[in-house]
């Protein structure tokens with residue numbers, strides 16, 4: 003989240019070492035996050051979870067993007083900021099889920115009294131408060147997850163953003179949401195954090211899917227709101243068709259792989275960021291020419307030629 007130009011964004015092949023390293027980073031990040039968050043309770047819970055998330059995002063950001071949350075990844079893919087990368091969601095998502103499961107296994111092995119299959123009393127299990135209806139559970143998780151993902155958009159993706167402060171802001175957002183909502187839902191806000199303990203301890207049998215569905219719904223809502231305010235990402239088909247003059251098939255291929263078609267590349271090594279930078283540079287040059295033309299410092303014909311060159 004410190005930088006959006008990450009391995010996931012400029013990925014050239016699912017069999018590359020860099021892609022494997024990024025998956026390993028996400029796996030370990032979620033494993034540690036799940037372990038730390040599952041072994042604390044009471045008033046310190048929100049703070050430990052928030053600080054742990056901030057530190058782990060700082061650690062993983064320049065390697066994998068530091069999402070550590072399938073809901074965040076899903077939202078940024080929906081909005082066209084990250085490519086599907088063939089099996090991105092099928093492989094990176096499972097890597098995080100596996101991290102959540104392994105984190106819960108570590109809890110079961112290191113925490114006295116904890117054991118695999120112990121049921122709803124398992125450490126790190128998420129259960130709604132007594133009296134909370136399923137619709138209220140759904141609503142709480144939607145609102146909190148939406149808030150978390152919106153912080154990611156506002157600080158890590160929107161321009162100019164907040165750069166290296168992004169992990170801290172996201173961690174504090176989790177702290178705020180957990181401080182308010184933990185008493186009602188446990189404040190999961192992350193599918194991997196729900197599925198991990200549910201798989202290991204056998205808890206949340208009737209509610210785990212409500213948590214996950216709410217978080218995916220929040221991902222879609224956060225994308226929609228951000229798109230209305232700041233626009234979709236460069237990989238979103240409607241936007242890429244308009245800005246890069248692509249066919250629908252080319253736009254879908256761009257969203258799927260992250261690799262621009264030959265028609266808009268100057269070299270084989272060009273990725274979508276190179277294309278965007280070149281277009282932005284050309285637009286900047288045209289604006290400069292237009293300003294000079296308005297002041298009488300350059301002939302209008304140069305501006306016309308420049309516009310035709312776009």
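In my numbering, the protein residues as written are 3 to 312. Just so you know, even glycine gets a beta-carbon here, dropped at the ideal spot from N, CA and C. All values derive from a computational prediction rather than experimental measurement.
Item                                                                                                                         : Value
Whole-angstrom distance between residue 157 and residue 173, CA atom to CA atom                                              : 12 angstroms
Pair within 8 angstroms by beta-carbon distance, residue 148 and residue 196                                                 : no
Pick from 74, 19, 37 and 227 that is closest to residue 125, judged by C-alpha positions                                     : 37
Proximal residues to residue 200 (C-beta, below 6 angstroms), its chain only, five neighbours per side dropped               : 206 and 210
Neighbourhood of residue 347 by C-beta, 7 angstroms cutoff - its chain only, sequence neighbours within 5 removed            : This structure cannot settle anything about residue 347, because the visible part of the chain is limited to 3 through 312.
Test item: CB-CB of residue 192 and residue 62 under 8 angstroms                                                             : no
Close Cβ partners of residue 155 (< 6 angstroms) along its chain, the five nearest in sequence each way excluded             : 228
Environment of residue 247 [buried if 16+ CB atoms lie within 10 Å]                                                          : exposed
N- and C-terminal bounds of the alpha helix (DSSP H) containing residue 250                                                  : 250-259
Enclosing alpha helix (DSSP H) for residue 225 [first to last residue]                                                       : 210-232
Every unbroken alpha helix (DSSP H) within the region 123-205, with a cutoff of 4 residues, ordered by chain                 : 136-154, 168-187 and 193-203
Other residues of its chain near residue 31: CB distance less than 6 angstroms, five sequence neighbours each side excluded  : 58, 62 and 70
Residue 121 beta carbon less than 8 angstroms from that of residue 204                                                       : yes
Extent of the continuous alpha helix (DSSP H) run through residue 77                                                         : 72-80
Rounded C-alpha distance that separates residue 220 from residue 181                                                         : 19 angstroms
For residue 47, the first and last residue of its enclosing alpha helix (DSSP H)                                             : 47-66
Residue 34: first and last residue of the uninterrupted alpha helix (DSSP H) it sits in                                      : 19-40
Proximal residues to residue 258 (C-beta, below 6 angstroms), its chain only, five neighbours per side dropped               : 86
Coil, strand or helix - residue 106 by DSSP                                                                                  : helix
Check whether residue 236 and residue 82 have beta carbons under 8 angstroms apart                                           : yes
Contact check, residue 65 vs residue 194, beta carbons under 8 angstroms                                                     : no
Assigned exposure category for residue 112 - 16 Cβ within 10 Å defines buried                                                : exposed
Own chain partners of residue 178 with C-beta closer than 6 angstroms, once the 5 adjacent residues on each side are dropped : none
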